[in-house]
Amino acid sequence: MAEQEAPATAREWHLAARPQGWPVPADFALVEAPVRTPGPGEILVRNAYLSVDPYMRGRMNDVKSYLPPFELGRVMEGGAVGYVVASAAEGFAPGDAVLHGLGWREYATVEAKRAVKVDPSVPLSAYLGVLGMTGLTAYAGLLAVGGLKEGDRVFVSGAAGAVGTMVGQIARLKGAALVVGSAGSAEKVAKLVDEYGFDAAFNYKDAPVAEQLAEAAPDGIDLYFDNVGGEHLEAAIGALGVHGRAVLCGAIAQYNETSAPAAPRNLALAIGKRLRLEGMLVGDHAALQPQFVAEVGGWLREGGLRNEETVVDGFEHTVDAFLDLLRGANTGKMVVRLDG
6 MAEQEAPATA REWHLAARPQ GWPVPADFAL VEAPVRTPGP GEILVRNAYL
56 SVDPYMRGRM NDVKSYLPPF ELGRVMEGGA VGYVVASAAE GFAPGDAVLH
106 GLGWREYATV EAKRAVKVDP SVPLSAYLGV LGMTGLTAYA GLLAVGGLKE
156 GDRVFVSGAA GAVGTMVGQI ARLKGAALVV GSAGSAEKVA KLVDEYGFDA
206 AFNYKDAPVA EQLAEAAPDG IDLYFDNVGG EHLEAAIGAL GVHGRAVLCG
256 AIAQYNETSA PAAPRNLALA IGKRLRLEGM LVGDHAALQP QFVAEVGGWL
306 REGGLRNEET VVDGFEHTVD AFLDLLRGAN TGKMVVRLDG
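Residue 6 is where the sequence shown starts when you use the working numbering, and the numbers rise one by one after that.
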């Protein structure tokens, strides 16, 4: 990667208003801002790829959560990978490829301790997905939180998304007896079975989730990986057997709702079935990173694991990519390519 001069100013996306329900383009503002020269212990990065993720919707609300909310009138944040253009930090030099958390901007001045050098021989966008937070979420959620065992029957909601596609494939590679996924279109359902190795999949828009899940897994399920919440969680509680487990990773069905969710209404079943429903945050599982990179990297090299991305070209289309993500328009990881 050739060294480049940094411009005096560059673009960044700010949160202009807190959404009421579904976000709209007017909730964001594209702003020209000064590019700050790195101080001691900092690096300046030209971002090449940005990540947009469902959790970002929660940070747009002014509520207390596991991450602080985005500030009104300030630049947003998210995963990004790019190239160092200037360094005032030991161990980093211009041209190095790095992963960091200051996305939603073209150039980022980053504390070096909050950046990680990555191998540029691997497509950089992979560090935002299959080899990054997305992949580790699937790996840790399925194995450490869900306690996947060989022979388990597994159901994954949001199965065509970045985390869901990984969960289904890892379950298959680890010996699950049945892997079932739900998605939001016939095209995605076909891809799950034909390309990702799911045993069965269904379009949750076609009929009640509980009915379709019962048809796909007539003997029930042992493990549910929840990316959606709502009706999906209710259906999974009904289908789980005694001592079943549910990994609560996301609830995208509720992120844009302004009223209380209607489901699950059958939580009392968890008592008699002795179910374990456990929430997960990927940050709790950093210790798994070396094992994760070694095992998943091996599957990738051997061709045992498929990695698919939905790539949106152009920094000016970052908001479009985010809104499309919330509508389920992506298959696999959604990323924005700044050089496109």
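Beta carbons are placed, not taken as given, at the ideal position from N, Cα and C, and that holds for glycine.
- The three-state reading of DSSP puts Lys338 in strand, counting E and B together.
- The Cβ atoms of Leu280 and Leu136 do not sit closer than 9 Å to each other.
- With respect to the C-alpha of Lys179, the residue from Val198, Leu153 and Phe203 having the closest C-alpha is Leu153.
- For Ala94 against Glu47, the beta-carbon gap comes to about 6 Å, under 8 Å, which counts as contact.
- When DSSP states are grouped into helix, strand and coil, Glu300 belongs to the helix group.
- Counting only runs of 4+ residues, the alpha helix (DSSP H) found wholly inside the region 176-205 occupies 191-199, in chain order.
- Residue burial annotation: Asp157 is buried, with at least 16 other C-beta atoms found within 10 angstroms of its C-beta.
- Taking 9 Å as the cut-off, the beta carbon of Leu218 is found closer than this to the beta carbon of Phe160.
- Residue pairing of Asn52 in beta bridges, as defined by DSSP: Gly87.
- According to the DSSP assignment, Gly246 belongs to the beta strand (DSSP E) that extends over Leu245 to Leu253.
- Taking C-beta atoms as the reference points, Leu107 and Ala98 fail to come closer than 9 Å.
- DSSP, reduced to helix, strand and coil, places Val127 outside both helices and strands of the structure shown, so it counts as coil.
- Judged by DSSP secondary structure, Ile276 falls within the alpha helix (DSSP H) whose first and last residues are Leu274 to Gly277.
- Taking His248 as reference, the option from Ala334, Leu238 and Leu228 with the minimal CA-CA separation is Leu228.
- In this structure, Arg342 places its C-beta atom within 9 Å of the C-beta atom of Asp318.
- The Cβ atoms of Gln259 and Gly234 sit closer than 9 Å to each other.
- Approximately 20 Å separates the beta-carbon atoms of Leu133 and Gly100; this is outside 8 Å, ruling out the contact.
- Boundaries of the beta strand (DSSP E) around Gly284: Arg281 to Gly284.
- In the three-state reduction of the DSSP assignment, Arg270 falls in the coil class, being assigned neither a helical nor a strand state.
- Under a 10 Å Cβ-count criterion, Glu155 is classified as exposed, with fewer than 16 other Cβ atoms of the shown protein chains found around its own Cβ.
- With distances taken between CA atoms, Val50 lies nearest to Glu111 out of Glu111, Ala22, Leu274 and Arg64.
- One alpha carbon belongs to Asn232, the other to Ala15, and they sit about 35 Å apart.
- Around Tyr201, the same chain offers Thr170, Gly173, Gln174 and Arg311 as residues with beta carbons nearer than 7 Å, after the five sequence neighbours per side are excluded.
- Secondary structure of Tyr144 (DSSP, three-state): helix.
- The three-state secondary structure of Val233, taken from DSSP, is coil.
- The Cβ neighbour count for Arg64, taken over all protein chains shown within 10 Å, is at least 16; the residue is labelled buried.
- Excluding sequence positions up to five before and after Val185, its CB lies within less than 6 Å of the CB of Phe160, Ala205, Ala221 and Ala222, all in the same chain and listed in chain order.
- Residue state for Arg41 is assigned as coil, using DSSP reduced to three classes.
- For Ala240 and Lys196, the gap between their C-alpha atoms comes out near 23 Å.
- Excluding the 5 residues flanking it on each side, Gly44 has same chain C-beta neighbours closer than 7 Å at Ala93, in chain order.
- As DSSP reads the structure, Thr14 sits in a beta bridge with Pro39.
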